[in-house]
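Let me begin by presenting the structure, written as structure tokens, before commenting on it.
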Amino acid sequence: MPFPSESPHGKRFLTSASVKLLSKARGDKGARGAAGTATSGGEPSFGLSGAPAGYPYPYEVPCTARLMRRRLFLTLPAAATLASCTVSDRGGGPDDREPPTSAPESSAPPEPRPRTVRRPTVLAVKIDNVRPARPHTGLREAAVIHVERVEAGLTRLLAVYTGGRLPQAVGPVRSARETDLELLRQYGKPVLAFSGAQGKLLPLLDKAELYPRSPAEAPGAYYRSSSRPIPHNLYLRPSRLDPAPDKEAQPTDLGLRFGAAPPGGRATGEHSVRYPAARYAFTWSAARDRWRVSMDGTRSNLTPSTVVVQYGVIRDSRFRDRWGNVSPYTETVGRGDALVLRGGRAYEGRWSRESAEEATVYTDADGEPLLFADGQVWVVHVGRR
1 MPFPSESPHG KRFLTSASVK LLSKARGDKG ARGAAGTATS GGEPSFGLSG
51 APAGYPYPYE VPCTARLMRR RLFLTLPAAA TLASCTVSDR GGGPDDREPP
101 TSAPESSAPP EPRPRTVRRP TVLAVKIDNV RPARPHTGLR EAAVIHVERV
151 EAGLTRLLAV YTGGRLPQAV GPVRSARETD LELLRQYGKP VLAFSGAQGK
201 LLPLLDKAEL YPRSPAEAPG AYYRSSSRPI PHNLYLRPSR LDPAPDKEAQ
251 PTDLGLRFGA APPGGRATGE HSVRYPAARY AFTWSAARDR WRVSMDGTRS
301 NLTPSTVVVQ YGVIRDSRFR DRWGNVSPYT ETVGRGDALV LRGGRAYEGR
351 WSRESAEEAT VYTDADGEPL LFADGQVWVV HVGRR
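Counting from 1, one number per residue, gives the positions in the sequence shown under full-length UniProt numbering.
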């Protein structure tokens with residue numbers, strides 16, 4: 001699908017109705033006031049207590065640095081309400097109809113030689129993943145997609161791009177979480193694109209080994225589409241982001257090993273993963289030699305070659321959203337069980353990561369590396385089984 005168009009209302013001004021509403025909301029709240037209260041998405045709300053239920057979204061908020069405060073993107077309270085809903089509260093989303101970015105693969109590709117991913121630059125983008133955010137844009141070009149649990153049992157995606165293979169646009173972009181800091185450290189010092197973060201997390205982002213690129217740091221790289229409601233309409237143009245200045249900080253080894261399928265495994269036509277308010281199904285397509293991804297019962301056009309279900313500790317973090325929901329924290333340093341799906345088979349294994357600076361290693365029951373199939377890799381982070 002073509003990437004979403006920009007808002008017809010322009011990027012450098014608010015509509016008069018928006019200005020009145022925002023002025024009313026700020027009132028005597030002062031410089032931060034209610035704007036300092038984070039939503040479940042990490043973005044602030046102006047707290048329009050007088051707004052009716054089901055408040056509509058006719059207002060376009062421009063992505064300019066003047067309207068940002070500490071990387072917190074302005075949203076309306078109904079958007080905050082949407083962010084707190086469970087998946088069952090939302091309407092269905094259409095299929096992901098992004099066009100293929102490469103020639104179709106044959107049903108029986110040649111056996112790949114073992115290799116290691118070695119890339120000089122890494123871009124990570126935090127992606128919305130509730131029904132109103134679908135279909136996604138620009139995910140087919142990602143090398144790795146992580147699935148993370150967030151508040152209210154929902155999930156978000158962290159798309160990782162390597163080697164300069166970038167889409168024209170990617171999104172919808174949403175806010176960062178504490179989990180991202182440790183998870184991304186294995187990618188060296190990547191660029192992280194995100195919409196914002198709650199106030200208490202911002203100092204940690206500033207100190208983390210990454211280059212934050214929210215609309216505050218790179219206003220010209222973001223736009224809001226008029227085809228979707230806030231907050232599910234913020235998109236990134238990766239080509240307008242400055243590259244990471246410190247190339248020496250980029251990893252030479254992402255820990256992923258590709259090669260011929262290991263012996264054994266069990267035939268698996270479909271594997272499902274459930275979260276409290278989200279579900280995923282990975283269905284094997286022999287014709288495409290890929291797994292087809294369905295989210296909350298809706299089939300997408302995303303087709304990873306390898307899916308890793310990584311079992312680990314998911315605990316409460318120190319952060320809560322404005323409704324009191326605890327933000328989950330997924331531990332990605334340590335070790336645990338893993339299930340690797342490739343070639344229509346499932347392989348039991350283990351994952352280990354000794355420190356934040358080291359890559360995650362996946363091994364079979366004998367301690368040998370579990371090799372992945374060439375193509376996109378999904379890592380689905382779930383609690384210990």
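Backbone N, C-alpha and C fix where the C-beta goes; we use that ideal spot for every residue, glycine too.
Practice task
Please name the residue, chosen from VAL313, LEU370, THR306 and THR179, that lies closest to GLY264 on a Cα-to-Cα basis.
Solution key: LEU370
Exercise for the section: For the segment 157–176 and the segment 295–315, state whether three or more C-beta atom pairs, one from each stretch, are separated by less than 8 Å. Expected result: no
Exercise for the section: Measuring alpha carbon to alpha carbon, tell me which of ILE127, VAL144 and ASN129 ends up nearest GLN376. Expected result: VAL144
Problem - The beta strand (DSSP E) enclosing THR303, as first and last residue numbers - result: Segment: none, THR303 is in no beta strand (DSSP E) and carries neither H nor E.
Practice task
Taking 7 Å as the cut-off, decide whether the C-beta atoms of ALA338 and ARG350 are in contact.
Solution key: yes
Handout entry: Length of the line joining the Cα atoms of LEU202 and ARG342
Key = 38 Å
Handout entry: Candidates GLU141, ILE127 and VAL150, of which the one nearest ARG315 by Cα
Key = VAL150
Problem - DSSP bridge partner residues for ILE230 (one or two, in chain order) - result: DSSP lists no partner for ILE230.
Exercise for the section: Please determine, among LEU123, ALA216 and ASN233, the residue with the shortest C-alpha to C-alpha distance to VAL130. Expected result: ASN233
Practice task
Look at the Cβ atom of ARG174, then the Cβ atom of LYS126, and state whether they are nearer than 7 Å.
Solution key: yes
Handout entry: Nonlocal neighbours in the same chain, by C-beta distance under 7 Å from ASP296, ignoring five residues either side
Key = VAL87, ARG131, ALA278 and ARG279
Practice task
Could you check the C-alpha separation between ALA218 and GLY188 for me, to the nearest Å?
Solution key: 21 Å
Handout entry: Simplified DSSP state of GLN186, which is helix, strand or coil
Key = helix
Exercise for the section: State buried or exposed for SER227, treating a residue as buried only when at least 16 other CB atoms are found within 10 Å of its CB. Expected result: exposed
Practice task
Enumerate in chain order the residues of its own chain whose CB-to-CB distance from ARG384 is below 6 Å, with the five nearest sequence positions on each side excluded.
Solution key: TYR311
Problem - Within 7 Å, strictly: CB atoms of PHE372 and THR268 - result: no
Handout entry: Neighbourhood of ARG257 by C-beta, 6 Å cutoff - its chain only, sequence neighbours within 5 removed
Key = PRO369 and LEU371
Problem - Residues of its chain near PRO100, where Cβ-Cβ distance is below 8 Å and the 5 sequence neighbours each way are ignored - result: Per-residue confidence for PRO100 stands at a pLDDT of 31, beneath the threshold of 50, marking its modelled position as unreliable; the derived number appears in the next sentence. Cβ within range, chain order: ARG140.
Handout entry: Contacts around THR155, its chain only, beta-carbon distance under 7 Å, and the 5 residues preceding and following it disregarded
Key = ASN129, VAL147, GLU148, ARG149, TYR275 and ALA278
Exercise for the section: Could you please give the first and the last residue of the uninterrupted alpha helix (DSSP H) stretch that includes LYS200? Expected result: Per DSSP, LYS200 belongs to no alpha helix (DSSP H) and is neither H nor E.
Problem - Counted within 10 angstroms of its Cβ, other Cβ atoms place ARG240 as buried (16 or more) or exposed - result: exposed
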